[in-house]
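K.L.:
My structure is below; once you've seen it, I'll send some questions.
Number of protein chains: 2
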Amino acid sequence: MIKVVIIGAGNVATHLYQSFSKSKQLDVIQVFNRNKQHLYFVEDPTKRVSSLEAIQEADLYLIAIRDEAIEEIAEKLDSKNGIVAHTSGSQPLTILSKFENYGVFYPLQTFSKNKAVNFREIPLCLEANSEKNLNFLKKIASRISDRVFEVNSDQRKALHVSAVFINNFSNHLFTLAADFCKKEELPFDILRPLIKETVNKLESLDPYSAQTGPALRNDQKTIAAHLEMLDEDRKKIYTILTESIQNLHGKKL
Amino acid sequence: MIKVVIIGAGNVATHLYQSFSKSKQLDVIQVFNRNKQHLYFVEDPTKRVSSLEAIQEADLYLIAIRDEAIEEIAEKLDSKNGIVAHTSGSQPLTILSKFENYGVFYPLQTFSKNKAVNFREIPLCLEANSEKNLNFLKKIASRISDRVFEVNSDQRKALHVSAVFINNFSNHLFTLAADFCKKEELPFDILRPLIKETVNKLESLDPYSAQTGPALRNDQKTIAAHLEMLDEDRKKIYTILTESIQNLHGKKL
Chain S
1 MIKVVIIGAG
11 NVATHLYQSF
21 SKSKQLDVIQ
31 VFNRNKQHLY
41 FVEDPTKRVS
51 SLEAIQEADL
61 YLIAIRDEAI
71 EEIAEKLDSK
81 NGIVAHTSGS
91 QPLTILSKFE
101 NYGVFYPLQT
111 FSKNKAVNFR
121 EIPLCLEANS
131 EKNLNFLKKI
141 ASRISDRVFE
151 VNSDQRKALH
161 VSAVFINNFS
171 NHLFTLAADF
181 CKKEELPFDI
191 LRPLIKETVN
201 KLESLDPYSA
211 QTGPALRNDQ
221 KTIAAHLEML
231 DEDRKKIYTI
241 LTESIQNLHG
251 KKL
Chain H
254 MIKVVIIGAG
264 NVATHLYQSF
274 SKSKQLDVIQ
284 VFNRNKQHLY
294 FVEDPTKRVS
304 SLEAIQEADL
314 YLIAIRDEAI
324 EEIAEKLDSK
334 NGIVAHTSGS
344 QPLTILSKFE
354 NYGVFYPLQT
364 FSKNKAVNFR
374 EIPLCLEANS
384 EKNLNFLKKI
394 ASRISDRVFE
404 VNSDQRKALH
414 VSAVFINNFS
424 NHLFTLAADF
434 CKKEELPFDI
444 LRPLIKETVN
454 KLESLDPYSA
464 QTGPALRNDQ
474 KTIAAHLEML
484 DEDRKKIYTI
494 LTESIQNLHG
504 KKL
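Here it is as structure tokens:
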């Protein structure tokens, strides 16, 4: 059994804990958080620890906390024989260089506390300070996911900012649209099939080829009519994204 | 059998033709397009017509052409006994007021020529110049879709601009992210699970509650690091959308 300690109690830590717990080859021996009450998701209370000194020997220590706190935790954590890895998309590998064995174990996914995810489909992006450690992380990663990638720090940064465009920003566009429809007394449900098809299309088309709409067609009349309906905030977004579509697809405003 | 004539040969016309052809209660007697060669999708060549004068008596004439051309076609089309309806999200009902019976039959979906869609799931947004005509359109719509909505012209306009935010703009964000990853030699496939989950989440959460990311957390360090990696075009988009998320969720930059 590979012994794992998880450090953190947020969305990523919770989902990793749940996924690791399902694997017979992995044993989550402890989960650390300063406030023990946030560790209610750990079934066995003896595995909940709130002091770094109480952390036992393990093969892997996974630091799954917010980016700003990683450095501090790494500083306070005693040197370990096992691999110490963080799960951040934006932090460099070297933030953990005080340890002998260290790496990155970045799940490229959006997590919400009350929404189950299928970890087998989540890309796990790995990096380590040695070939041996990388192979060890690969071994663990393949126990929980079918999509294991070796990704260097620059590539990981690119993925992280891409994830913001894909998830955070498009979700915000959905929010703005839902809000706009609500004002016209239209249910969000009426928009769901369109959201679904936007994504389903990408199973057979790449997003560049899937592009449609007034910006692509350079349909100035529709663009003007749309702008007239929008508040200042949405108007700015509409204009910038319309320009960007036209730039990329070689149209002129 | 309800007799239908479809006017147009684009994506919407093609998909409507295919969907109508499957219903035993609907008979597409003709499809019109100025250039007959674009009507190759109509199996029976005798149903392909390229002159408006050749259009026969029908119960419904569906004008499924680009917005700018609707007025001209309506002008040239002889007055009809059947209902004349257009399929545009942005054009008013009254653009067809020269006819005695007229309406709107707007499918809220994104269509690509080579991508089949399940019409039963597509919201059909209907409007008509009389209760009787509205009921007739409802009867036809329910033959091909399980989601039939009565939507007035203002609401339809709101849906149309919402569709741009949901489909066109988020698809463009996917394109920018894919392009950015390509430069880092990362395959688009690595982003697919995130795109899927962005949408799957909305089955159990509304988009406002599903929002995550550095903008929502007001994580200035990550935001600054992201901006540094982006070109001018993406930087503008990133800034505007980050501001908009923070405005909506009540955070301060």
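Chain order of the listed sequences is S and H. Residues in the first sequence are numbered from 1 upward in steps of one, following the numbering used here. Residues in the second sequence are numbered from 254 upward in steps of one, following the numbering used here. Think of the CB as a built atom: it goes at the ideal place given N, C-alpha and C, for glycine as much as any other residue. What you are looking at is a predicted structure, and each value in this text was computed from that prediction instead of being measured.
Excluding the 5 residues preceding and the 5 following R445/H in the sequence, name in chain order all residues of the same chain whose CB lies nearer than 7 Å to its CB.
P.N.:
So the list is empty, once near-sequence residues are dropped.
K.L.:
Does any residue of chain H bring its CB to less than 8 Å from the CB of I237/S?
P.N.:
Judged by the 8 Å Cβ criterion, I237/S is in contact with chain H.
K.L.:
For A9/S, collect the residues of the same chain with a Cβ closer than 6 Å to its Cβ; drop the 5 residues on either side in sequence, then sort them by chain order.
P.N.:
The residues are N33, H38 and L39.
K.L.:
Where does A85/S fall in DSSP's three states?
P.N.:
Here A85/S sits in strand by DSSP.
K.L.:
Which residues in the same chain as A463/H place their Cβ atom closer than 7 Å to its Cβ, once the five residues preceding and following it in sequence are excluded?
P.N.:
Around A463/H: K454 and L455.
K.L.:
Decide yes or no for the touch test of the region 135 to 153 of chain S against the region 162 to 173 of chain S: beta carbon pairs closer than 8 Å, at least 3 of them.
P.N.:
Result no; under three Cβ-Cβ pairs closer than 8 Å.
K.L.:
Verify whether the separation of the beta carbon atoms of R156/S and V104/S is less than 8 Å.
P.N.:
The answer is yes: Cβ separation under 8 Å.
K.L.:
Do V42/S and H17/S come within 8 Å of each other at the CB atom, strictly closer than that value?
P.N.:
Correcting the residue type first, residue 17/S is Tyr in the shown sequence and not His. Against a cut-off of 8 Å, the Cβ pair of V42/S and Y17/S comes out as a contact.
K.L.:
For T87/S, which option in R66/S, I190/S and I237/S has the closest C-alpha, if you only look at C-alpha atoms?
P.N.:
Out of R66/S, I190/S and I237/S, R66/S has the C-alpha closest to the C-alpha of T87/S.
K.L.:
Please list, in chain order, all residues of the same chain as R48/S whose beta carbon is under 7 Å from its beta carbon, the five residues on each side excluded.
P.N.:
Only V31, K36, L39 and V42 meet the Cβ criterion.
K.L.:
Can you confirm whether the region 403 to 419 of chain H touches the region 341 to 350 of chain H when touching is taken to mean that 3 or more C-beta pairs between the two stretches lie within less than 8 Å?
P.N.:
Touching, yes.
K.L.:
What whole-angstrom Cβ distance do E184/S and D407/H have, given they're in contact under 8 Å?
P.N.:
Contact flag correct, Cβ pair sits at about 6 Å.
K.L.:
Which residues of chain S have a Cβ atom closer than 7 Å to the Cβ of E437/H, listed in chain order?
P.N.:
In chain order: D154, Q155 and A158.
K.L.:
Could you check if G250/S is buried or exposed, using at least 16 other CB atoms within 10 Å of its CB as the buried criterion?
P.N.:
Flag for G250/S reads exposed.
K.L.:
In this structure, does DSSP put Y293/H in helix, strand or coil?
P.N.:
In this structure, Y293/H counts as coil in the three-state DSSP scheme.
K.L.:
What separation, rounded to the nearest whole angstrom, lies between the Cα atoms of D486/H and V404/H?
P.N.:
Answer to the nearest angstrom: the Cα atoms are 37 Å apart.
K.L.:
Tell me which residues of the region 84 to 97 of chain S have at least one Cβ-Cβ distance to chain H shorter than 7 Å, keeping chain order.
P.N.:
From the region 84 to 97 of chain S, only S90 have a Cβ closer than 7 Å to chain H.
K.L.:
Cβ of L124/S less than 8 Å from any chain H Cβ?
P.N.:
False, the Cβ-Cβ gap to chain H never drops below 8 Å.
K.L.:
If you reduce the DSSP assignment to three classes, tell me which class A64/S lands in.
P.N.:
If DSSP states are grouped into helix, strand and coil, A64/S belongs with coil.
K.L.:
Just to check my reading of the structure: I240/S and I493/H have Cβ atoms closer than 8 Å, yes? What is that Cβ distance to the nearest angstrom?
P.N.:
At roughly 5 Å, the Cβ-Cβ gap stays under 8 Å, so I240/S and I493/H are in contact.
K.L.:
Helix, strand or coil: how does DSSP classify V370/H here?
P.N.:
In this structure, V370/H counts as coil in the three-state DSSP scheme.
K.L.:
Under a three-way DSSP split, which group does I308/H fall into?
P.N.:
Looking at I308/H - three-state DSSP - the assignment turns out to be coil, as it is neither helix nor strand.
K.L.:
Straight-line CA distance for C125/S to A317/H?
P.N.:
Looking at the two C-alpha atoms, the distance is approximately 46 Å.
K.L.:
Residues of chain H with CB under 8 Å from G8/S, in chain order?
P.N.:
Ordered by position in chain H, no residue passes the 8 Å Cβ test against G8/S, which lies about 15 Å from the chain.
K.L.:
Should N500/H and F364/H be called a contact, given that it needs their Cβ atoms to be closer than 8 Å?
P.N.:
In this structure, F364/H does not lie closer than 8 Å to N500/H by Cβ.
K.L.:
Which of the three DSSP states is assigned to E150/S in this structure?
P.N.:
Of the three classes helix, strand and coil, the one that applies to E150/S here is strand, per DSSP.
K.L.:
Out of F418/H, A430/H, A311/H and N382/H, which one is the CA nearest neighbour of K181/S?
P.N.:
Going by the sequence as given, residue 181/S is Cys instead of Lys. Cα-wise, what sits closest to C181/S is F418/H.
K.L.:
On a Cα-Cα basis, can you pick out the residue from D399/H, T495/H and M482/H that is closest to A468/H?
P.N.:
Ranking the options by Cα distance to A468/H, first place goes to T495/H.
K.L.:
Measuring CA to CA, which of I323/H, K366/H and F389/H is closest to N222/H?
P.N.:
The structure shown does not extend to residue 222/H, since chain H spans only 254 to 506, so no value can be given for it.
K.L.:
Using a Cβ-Cβ distance under 8 Å, would L506/H count as near chain S?
P.N.:
Summary for L506/H: the model assigns pLDDT 47, below 50, so the residue's position carries little reliability; its value from the coordinates is reported in the next sentence. Not one chain S Cβ lies under 8 Å of L506/H.
K.L.:
At the 8 Å Cβ level, is S142/S part of the contact set with chain H, yes or no?
P.N.:
No, its Cβ sits nowhere closer than 8 Å to a Cβ of chain H.
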